[in-house]
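Q: If you read the sequences in order, they're chains A and B. For the first sequence, the numbering used here assigns the number 446 to the initial residue and increments by one for each residue that follows. For the second sequence, the numbering used here assigns the number 446 to the initial residue and increments by one for each residue that follows.
There are 2 protein chains.
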Amino acid sequence: MHKTGIIGSGLIGSSWAIVFARAGCEVAVFDQDPEKFEASRAYIRENLDSLAGLGMIVDAEKVGQRITFTADLQEAVRDKAYIQEAVFEQLEVKREVFARMDQLLRPGSVVGSSSSGIPASCFTESLTNRQGCLVAHPVNPPHLIPLVEIVPAPWTDQSAVDFTFGLMKDCGQAPILVRAEVEGFILNRLQGALLNEAWWLYQEGYASAADIDKTVRDGLGMRWSFMGPFQTIDLNSPKGIREYAERLSPLYLSVARSRSDPQPWSREAIQNAEEEVRDKRIEGNIPRSRLWRDKLLLAFKKWRIDSGVE
Amino acid sequence: MHKTGIIGSGLIGSSWAIVFARAGCEVAVFDQDPEKFEASRAYIRENLDSLAGLGMIVDAEKVGQRITFTADLQEAVRDKAYIQEAVFEQLEVKREVFARMDQLLRPGSVVGSSSSGIPASCFTESLTNRQGCLVAHPVNPPHLIPLVEIVPAPWTDQSAVDFTFGLMKDCGQAPILVRAEVEGFILNRLQGALLNEAWWLYQEGYASAADIDKTVRDGLGMRWSFMGPFQTIDLNSPKGIREYAERLSPLYLSVARSRSDPQPWSREAIQNAEEEVRDKRIEGNIPRSRLWRDKLLLAFKKWRIDSGVE
């Protein structure tokens with residue numbers, strides 16, 4: 446398997462390290478602040494142990510040994526086939542780190558950015574190696590949720606797209622191709638559309654935040670989590686997606702037109718929702734709630750694999 | 446447990462019969478066409494056997510014996526505490542069946558309509574027992590997906606709302622309250638918002654239907670299927686939902702404004718999507734694909750129960 450580098454040792458970078466090491470790649474994790482390595486090591490160790498506990502990897506220690514840490518960017522970049530950038534989601538930060546990497550890259554290596562919405566064309570245009578750069582946007586955390594959005598810039602080489610696709614598949618991820626750069630890509634546009642409607646329903650008082658969460662969690666989300674929206678409607682009409690679309694397109698158009706002047710989510714609604722949602726946190730604590738989430742995601746991933754969904 | 450009636454012996458009515466009988470209720474299933482009873486009986490038998498096979502009910506035969514069939518509306522209605530209407534989703538059909546039931550209802554009984562979008566006020570206004578009528582909208586199929594939207598009309602008694610909530614909870618369903626009638630209620634407004642975006646992305650050529658399905662199935666849907674959208678974003682920011690909302694509201698507003706003149710889903714896109722989605726059907730066959738879906742939903746429901754999600 447390939448030599449890989451990860452730029453940034455936060456939660457996303459650490460989870461990416463598990464993805465690549467699990468599949469047999471060597472991984473060098475870079476951070477300019479070496480004080481962060483201990484937290485990253487602990488996160489990786491705990492998650493590898495959990496994966497081993499469910500039999501989803503054979504030898505946690507061996508996988509962990511493939512991961513090294515470095516505060517020297519050159520070491521994380523120079524001889525790598527693939528580099529995954531996972532720094533803070535801010536244009537200036539991405540620009541700077543891509544410019545620094547550009548000096549150090551081996552010709553032909555590919556760099557995927559974890560950017561969740563900023564397209565690669567905004568921070569790679571003037572680079573020497575821009576044809577090897579693209580977005581490879583994961584879902585948090587990538588070692589448990591397989592989807593990766595591959596979004597090439599107009600100047601990205603097809604070979605870089607193909608390489609990233611192949612690597613992600615080899616690592617057990619589920620890559621999709623976003624054919625042209627679009628604000629929010631596919632995932633966050635879909636999430637945003639649903640969130641915009643959810644906030645509107647909440648602001649207008651039609652339902653509590655808990656009940657809106659329930660509608661997705663105990664309703665829509667159950668089918669979506671193994672079928673997606675098109676396949677869901679295909680099986681929700683005796684004659685399939687076309688009959689469904691022709692029958693219900695007018696309803697959904699009417700729903701869209703009833704909110705055709707989109708407004709920002711209101712401060713008051715955000716404050717009220719926070720009070721409601723806070724009650725769902727484990728002991729009122731976000732990090733502890735994330736551990737709960739990741740434990741469930743891990744068990745769910747195992748169920749999906751055992752059931753043939755993944 | 447209560448005596449219940451089901452009006453309509455199609456897939457939804459048959460699945461409702463399982464919901465109530467599984468919880469210990471007596472269930473009388475009405476259909477004006479008794480030739481449909483055999484298919485309903487077979488559906489119920491197969492699904493009770495599947496539930497028993499996974500240990501989710503103890504005695505399939507005993508549960509099945511609580512369900513009887515009748516072509517006499519009076520028998521399905523007169524001495525029942527709760528009646529679930531599950532006829533064809535068309536205003537005239539709902540109006541007629543509610544008017545006929547109105548003559549036969551015991552005072553104080555409650556009638557829930559399975560309507561997925563038509564509010565109860567459109568077909569109950571002139572009834573003698575209108576204060577006992579409301580919408581109890583399930584997700585298909587209700588014996589596997591617990592969510593039920595309870596949508597009272599302006600004249601629905603609070604006691605009817607409370608009774609329906611209690612009954613649904615006793616039956617292991619997950620009821621939510623829609624506080625005022627709104628087109629599409631909560632579930633289909635959320636589904637519609639996501640579908641409108643999905644169709645737009647597809648029509649504009651940003652991704653294939655398969656890749657859009659994957660984005661939800663292998664990405665968004667995994668967290669949504671046990672957390673819902675608000676809890677998901679609460680755990681997707683170190684500081685919780687408020688920080689997330691303040692940071693990302695502008696992006697999502699911009700996404701919404703980029704499509705502020707909603708159009709019907711295009712015929713061409715529907716046709717193309719049908720061709721793509723057809724390939725995912727088991728042996729090109731919708732009924733067989735639904736069996737696959739329901740088998741996975743059943744296994745998923747068991748996983749959710751075992752994991753404490755349900």
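Just so it is clear, CB atoms sit at the ideal spot from N, CA and C, and this is done for glycine as well.
By the three-class DSSP mapping on this structure, what secondary structure does S699 of chain B have?
A: Position 254 of the second sequence holds residue 699 of chain B. The answer is helix: DSSP assigns S699 of chain B an H, G or I state.
Q: Can you tell me where the alpha helix (DSSP H) holding S554 of chain A begins and where it ends?
A: Within the first sequence, the letter at position 109 stands for residue 554 of chain A. First-last for S554 of chain A: undefined, no H or E at that position.
Q: Start and end of the alpha helix (DSSP H) containing C567 of chain B?
A: Along the second sequence, read from residue 1 onward, the residue named residue 567 of chain B stands at position 122. Run containing C567 of chain B: S566 to T569, per the alpha helix (DSSP H) assignment.
Q: When the cut-off is 8 Å and only beta carbons count, does P552 of chain B lie next to chain A?
A: The residue you call residue 552 of chain B lines up with position 107 of the second sequence. Judged by the 8 Å Cβ criterion, P552 of chain B is not in contact with chain A.
Q: Please check the pair S756 of chain A and N633 of chain A, which I expect to be a contact at CB under 8 Å, by giving their CB distance rounded to whole angstroms.
A: The structure shown has nothing for residue 756 of chain A, since chain A only spans 446 to 755.
Q: Measure from the alpha carbon of S460 of chain A to the alpha carbon of each residue in A:E688, A:R540, A:A643 and A:Q618, then state which is nearest.
A: Translated into positions along the first sequence, residue 460 of chain A becomes position 15. Ranking the options by Cα distance to S460 of chain A, first place goes to A:Q618.
Q: Could I get the ranges of all uninterrupted beta strand (DSSP E) runs contained in the stretch 651-726 of chain B, with 3 residues as the minimum, in chain order?
A: The stretch 651-726 of chain B contains no whole beta strand (DSSP E) run of 3 or more residues.
Q: Looking at the C-beta of G458 of chain B, does it have a partner C-beta in chain A at a distance below 8 Å?
A: The residue you call residue 458 of chain B lines up with position 13 of the second sequence. No, no contact with chain A.
Q: Measure the CB-CB distance between L536 of chain A and F568 of chain A and report whether it falls below 8 Å.
A: Here residue 536 of chain A refers to the residue found at position 91 of the first sequence. Here residue 568 of chain A refers to the residue found at position 123 of the first sequence. With contacts defined by Cβ atoms closer than 8 Å, L536 of chain A and F568 of chain A form a contacting pair.
Q: Can you give the Cα-Cα distance for D478 of chain A and A462 of chain A, rounded to whole angstroms?
A: Here the question's residue 478 of chain A lines up with position 33 in the first sequence. Here the question's residue 462 of chain A lines up with position 17 in the first sequence. Each residue's alpha carbon lies about 17 Å from the other.
Q: Output needed for Y647 of chain B: all residues of its chain with C-beta closer than 7 Å, excluding positions within five of it in sequence on either side, in chain order.
A: Residue numbering aside, residue 647 of chain B sits at position 202 when the second sequence is read from its first letter. The answer, listed in chain order, is A654, I657, A714 and A718.
Q: Does DSSP put Q529 of chain B in a helix, a strand or coil?
A: Working through the second sequence from its first residue, we reach residue 529 of chain B at position 84. DSSP places Q529 of chain B in strand when its eight states are reduced to three.
Q: What is the DSSP secondary structure of F630 of chain B, counted as helix, strand or coil?
A: Translated into the one-based positions of the second sequence, residue 630 of chain B becomes position 185. Note: F630 of chain B maps to coil in three-state DSSP.
Q: Quick check on Q529 of chain A: buried or exposed, where buried means 16 or more other Cβ atoms within 10 Å of its Cβ?
A: Here residue 529 of chain A is taken as the residue at index 84 of the first sequence, counted from 1. Result: buried.
Q: Write down the C-beta distance between A652 of chain B and I563 of chain A rounded to the nearest angstrom, noting that I regard them as a contact closer than 8 Å.
A: Here the question's residue 652 of chain B lines up with position 207 in the second sequence. Here the question's residue 563 of chain A lines up with position 118 in the first sequence. With 8 Å as the limit, A652 of chain B and I563 of chain A do not qualify as a contact, their Cβ atoms being about 18 Å apart.
Q: Taking P586 of chain B as the query, report the chain A residues whose CB atoms sit under 7 Å from its CB, ordered along the chain.
A: Taking the second sequence and counting its residues from 1, the one referred to as residue 586 of chain B is at position 141. What P586 of chain B touches in chain A, judged by beta-carbon distance under 7 Å, is nothing: the nearest beta carbon there is about 10 Å away.
Q: For V593 of chain A, which residues of its own chain have a beta-carbon under 6 Å away from its beta-carbon, when the five flanking residues on both sides are left out?
A: Residue 593 of chain A sits at position 148 when you count from the first residue of the first sequence. A distance below 6 Å between beta-carbons, with the five flanking residues on each side excluded, links V593 of chain A to the following residues of its chain, in chain order: A581, P583, M613, Q618 and P620.
Q: Taking the alpha carbon of V532 of chain A as the reference point, which residue from A:G498, A:Q576, A:G455 and A:S604 has its own alpha carbon closest?
A: Mapped onto the first sequence, residue 532 of chain A falls at position 87. Answer by Cα proximity: A:G455.
Q: Here's the rule I'm using: 16 or more other beta-carbon atoms within 10 Å means buried, otherwise exposed. How should N730 of chain A be labelled?
A: Residue mapping note: residue 730 of chain A aligns to position 285 of the first sequence, counting from 1. Per the 10 Å Cβ criterion, exposed.
Q: Would you mind telling me which residues of chain B sit closer than 8 Å to D658 of chain A, beta carbon to beta carbon, in chain order?
A: Within the first sequence, the letter at position 213 stands for residue 658 of chain A. Ordered by position in chain B, the residues that pass the 8 Å Cβ test against D658 of chain A are M672, G673, P674, F675 and Q676.
Q: Using the DSSP secondary-structure output, state which residues sit across from A598 of chain B in a beta bridge.
A: Position 153 of the second sequence, counting from 1, holds the residue named residue 598 of chain B. None; A598 of chain B has no bridge partner.
Q: What do you get for G577 of chain B, buried or exposed, if any count of 16 or more other CB atoms within 10 angstroms of its CB means buried?
A: Within the second sequence, numbered from 1, the residue matching residue 577 of chain B stands at position 132. By the neighbour-count rule (16 or more Cβ atoms within 10 Å), G577 of chain B is buried.
Q: Identify whether E768 of chain A lies in helix, strand or coil by the three-state DSSP scheme.
A: Missing from the structure shown is residue 768 of chain A; chain A here goes from 446 to 755 and no further.
Q: Between the alpha carbons of D504 of chain A and N681 of chain B, how many angstroms are there, rounded?
A: As a first step, residue 504 of chain A is located in the first sequence; it is residue number 59 there, counting from the start. As a first step, residue 681 of chain B is located in the second sequence; it is residue number 236 there, counting from the start. C-alpha separation (whole angstroms): 30 Å.
Q: Which term fits T573 of chain B, buried or exposed, when burial requires 16 or more other beta carbons within 10 angstroms of its beta carbon?
A: Taking the second sequence and counting its residues from 1, one reaches residue 573 of chain B at position 128. Exposed.
Q: Report all residues from its chain with a CB closer than 6 Å to the CB of V464 of chain B; omit the five preceding and five following residues, and keep chain order.
A: Sequence index remark: in the second sequence, residue 464 of chain B carries index 19 (1-based). Result list for V464 of chain B: P587, H588 and C616, in chain order.
Q: Please name the residues in the stretch 741-752 of chain B whose beta-carbon is closer than 7 Å to at least one beta-carbon of chain A, in chain order.
A: L741, L742, A744, F745, W748 and S752
Q: Using a Cβ cut-off of 8 Å (strictly closer), state whether F710 of chain B contacts chain A.
A: Looking up residue 710 of chain B in the second sequence gives position 265. Here residue 710 of chain B is Trp; the residue named in the question, Phe, does not match the sequence. Closer than 8 Å: yes.
Q: Residues in its own chain within less than 7 Å of A468 of chain B by CB, not counting five upstream and five downstream?
A: As a working mapping, residue 468 of chain B is identified with position 23 in the second sequence. Correct list, in chain order: M446, D615, C616 and G617.
Q: List the endpoints of the continuous alpha helix (DSSP H) containing A619 of chain A.
A: Within the first sequence, the letter at position 174 stands for residue 619 of chain A. That residue, A619 of chain A, is in no alpha helix (DSSP H); its beta strand (DSSP E) goes A619 to L622.
Q: Can you give me, in chain order, the residues of the stretch 616-636 of chain A that have a beta carbon less than 8 Å from any beta carbon in chain B?
A: A619, I621, L622, V623, R624, A625, V627, E628, G629, I631, L632, N633, R634, L635 and Q636
Q: Can you tell me the Cβ-Cβ gap for A466 of chain B and E520 of chain B, rounded? I've got them flagged as a contact below 8 Å.
A: Your numbering for residue 466 of chain B matches position 21 in the second sequence. Your numbering for residue 520 of chain B matches position 75 in the second sequence. About 17 Å separates the CB atoms of A466 of chain B and E520 of chain B; that is not less than 8 Å, and the two are not in contact.
Q: For A625 of chain B, which option in B:Q603, B:R668 and B:Q636 has the closest C-alpha, if you only look at C-alpha atoms?
A: Position 180 of the second sequence, counting from 1, holds the residue named residue 625 of chain B. Of the listed residues, the one whose Cα sits closest to A625 of chain B is B:Q603.
Q: Name, please, each residue of chain B whose Cβ falls closer than 9 Å to the Cβ of I480 of chain A.
A: Counting from 1 along the first sequence, the entry for residue 480 of chain A is found at position 35. The question names Ile, but residue 480 of chain A in the sequence shown is Glu. Near E480 of chain A there are no residues of chain B at all, since even the closest Cβ is about 17 Å away, more than 9 Å.
Q: State yes or no: is the beta carbon of K725 of chain B nearer than 8 Å to at least one beta carbon in chain A?
A: Stepping through the second sequence from its first residue, residue 725 of chain B is reached at position 280. True, the Cβ-Cβ gap to chain A drops below 8 Å.
Q: Helix, strand or coil for E471 of chain B per DSSP?
A: As a working mapping, residue 471 of chain B is identified with position 26 in the second sequence. Strand at E471 of chain B.
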